[in-house]
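Since the structure comes first, as structure tokens, the remarks are kept for the end.
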Amino acid sequence: MRLILTNAQIWGVEGDTLVIREDKVEKIGFYTKIAENFPGYKVVDLAGRSVLPPLHDSHTHIHSLEVWSVDLRGVRSVQELQLRLSHKVREGPPFIVGRGWDENMFDGKETPTRWDLDEVTKDIPTMIIRVCGHVAVVNTALIKLMEKAGILEKILQAREISKGDFDGVIYEDEIADVKKLLPRPSMDELKALIQAYLKKYVSFGVQYLNIMSVGPDLLEALGGMTNTLGMRIGIYLDPGAGFHRPGSLGGVRICGYKDFADGSFGGRTAKISERYKDKNTSGVFLLTDEKVAFLTQAAKEGHQIAIHAIGDEAVRRVVEIFRKKGIPGNDVRIEHASLVTPDIMKELSSYRPHIVVQPHFLVSDWWLTNALPKHLLRWVYPFRTMVENGLILYGSSDYPVEPLNPYLGISAAVTRGLLRCVNGEEELDIDEAVRMYLRDPCFGASLIREGSNASFLVLGESIESISPYDISALRPQAVFLNGRFIEVGEDLLNQLK
Ligand SMILES: [Zn+2]
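Last residue of the sequence shown? That's 1733 in my numbering, and every number before it is there in order.
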């Protein structure tokens, strides 16, 4: 392949033209100066479109339970939720795992109960996980299995109720216990699931993934993959996966371990510095001494440690704990860092951990105005202040909690989504927002330079002139990975012929 891509806006370089030879970027410069040196190359006019290095998703998940999953995002009532479950019931699965409901979107804002599930799922054990992943509802068939496995009693005791009164709503570690009761998909099913997941990413021009909370099954499947479609995959293990050395494993790289310091805003379990407006709690802090000891050891053996911390108090404690343990900020990732008040911002800018954010929460978390006191609301997702304080932000989806499409995240960081009226002043410009998606804490930054592997994407438009409200509709017209065309839109295809 000998190709001149010209009339392009190329990210981070001087010039409007990219010369490609076989799988390498041969030359970058201005067409009028360099074109004559490359006779016989096919010239493609990109008509001012942007060319970017491949994108990164710094925090995403593959759920092995997805084999039986039902997407419950966007349902507006318990009836609609039941309808979606009933479609799955007809396939006759051994289990059903629904994902993504949010009672804030229901007219009556009521949390579904086991009895709502029973009406449609009958004797198929079913669990539906809230959009945040920290709250779930189980049906009666699953409660029976929980009883047999000896995990129901603890749940009833904690609530001081009898079995008949249990509404099926469970939280945090209880969810993890119930997940252990579900049968495991086969290795082949898992590998097929991973391939489909990678394909989706490639179509958006994402080449680098940091997959979080990887357990033993997924580790085996990922470690045994030979074809990753040219993607670079970094994984952060769940401590339950046991101890592994950092570094390559088959086609993937083990980058570190991930654990939780708190819950979610949705469940009012994110640890904040005062009480929630609508519930008499300030959340929970989940990092036990035992977990801290494990993570500290992992960091000393060369792992990065990724800590989920959403509330300001959780973020503050995480910094305090690992700083005291002598772990450098560069070995620590804080996942979400959703609420960061100015005093904690100061701590972060002196400790300098990697800050992995999910801008699309700005669209989904519009109901935060009900949950947080006003003076705290000012400091949710404070991206602009973070950037101005020199923090390094990494963009990510937290898929399947939020959509996998990175352009929706970039768009949210620029437009501030539905929370715009709360702290619109925290918006980023499009260059800053895109930059968050051009790096990750495991592999670093991707760039386009002479002599490097030809990996880049051609967007449908120029990001320099696009209206903020059109960003969410951006798509790559072409994706090149390691010198190969992976995806090509019709426009470009005609020119390449
Ligand atoms: Zn996550």
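Ideal placement from N, C-alpha and C gives every residue a C-beta, glycine not left out. Source: prediction; values computed, not measured.
Would you say residue i touches ligand 2, meaning its beta carbon is less than 8 Å from a heavy atom?
i, result
"V1637", "Among the ligands modelled here, namely ligand 1, ligand 2 does not occur."
Less than 8 Å separating the Cβ of residue i from some heavy atom of ligand 1?
i, result
"H1292", "no"
"S1688", "no"
"E1571", "yes"
"D1474", "no"
"G1369", "yes"
"D1634", "yes"
"H1596", "no"
"H1297", "yes"
"H1544", "yes"
"S1449", "yes"
In the structure shown, what three-state DSSP assignment does residue i receive?
i, result
"V1670", "helix"
"F1716", "strand"
"T1517", "coil"
"F1692", "strand"
"S1698", "coil"
"F1558", "helix"
"D1293", "strand"
"I1546", "coil"
"K1263", "strand"
"F1228", "Given that the chain is displayed from residue 1237 to residue 1733, the structure contains no residue 1228 and the question cannot be resolved."
"A1534", "helix"
"E1443", "As written in the sequence, residue 1443 is Gln, which differs from the Glu given in the question. Q1443 falls in the strand class under three-state DSSP."
"R1395", "helix"
"G1680", "strand"
"I1707", "helix"
"S1305", "strand"
"G1645", "helix"
"T1349", "coil"
"T1462", "coil"
Just to check my reading of the structure: residue i and residue j have Cβ atoms closer than 8 Å, yes? What is that Cβ distance to the nearest angstrom?
i, j, result
"R1371", "G1502", "The displayed chain sequence assigns Val, not Arg, to residue 1371. Sure, about 7 Å apart at Cβ, within 8 Å."
"L1288", "V1670", "7 Å"
"T1357", "I1332", "6 Å"
"G1478", "G1460", "About 17 Å; that fails the 8 Å criterion."
"L1608", "K1515", "Not really, about 11 Å apart at Cβ, beyond 8 Å."
"L1445", "I1430", "Not really, about 11 Å apart at Cβ, beyond 8 Å."
"P1482", "G1565", "Actually they do not touch by this definition, with Cβ atoms about 18 Å apart."
"D1495", "A1506", "15 Å between Cβ atoms; not a contact."
"L1419", "P1329", "Note that residue 1419 corresponds to Pro in the displayed sequence, not to Leu. That belief does not hold up - the Cβ atoms of P1419 and P1329 are roughly 10 Å apart, past 8 Å."
"P1348", "L1317", "6 Å"
"A1573", "A1545", "6 Å"
Who pairs with residue i in a beta bridge, going by DSSP?
i, result
"T1505", "Answer is none; T1505 lacks a bridge partner."
"Q1540", "G1492"
"D1281", "T1242"
"M1363", "V1333 and V1374"
"S1286", "Q1245"
"I1411", "Answer is none; I1411 lacks a bridge partner."
"G1483", "I1490"
"V1255", "I1240 and K1263"
Determine, using beta carbons only, whether residue i comes closer than 9 Å to chain D.
i, result
"I1391", "Protein chains in the displayed structure number just one, and chain D is not present."
Review point. Does the count of Cβ pairs from the segment 1612 to 1631 and the segment 1569 to 1585 closer than 8 Å reach three?
Key: yes
Review point. Between the segment 1675 to 1685 and the segment 1394 to 1402, do three or more beta carbon pairs fall short of 8 Å?
Key: no
Check your understanding: Quick check: the segment 1336 to 1351 against the segment 1365 to 1379, are there 3 or more CB pairs under 8 Å?
Key -> yes
Point to revise | Three CB pairs or more closer than 8 Å across the segment 1372 to 1383 and the segment 1405 to 1419 | key: yes
Practice item. Taking 8 Å as the threshold, find out whether the segment 1644 to 1654 comes into contact with the segment 1701 to 1720 through three or more Cβ pairs. Key: yes
Exercise for review: Check whether the segment 1717 to 1724 touches the segment 1264 to 1274, counting contact only when three or more Cβ pairs, one atom from each stretch, lie closer than 8 Å.
Suggested key: no
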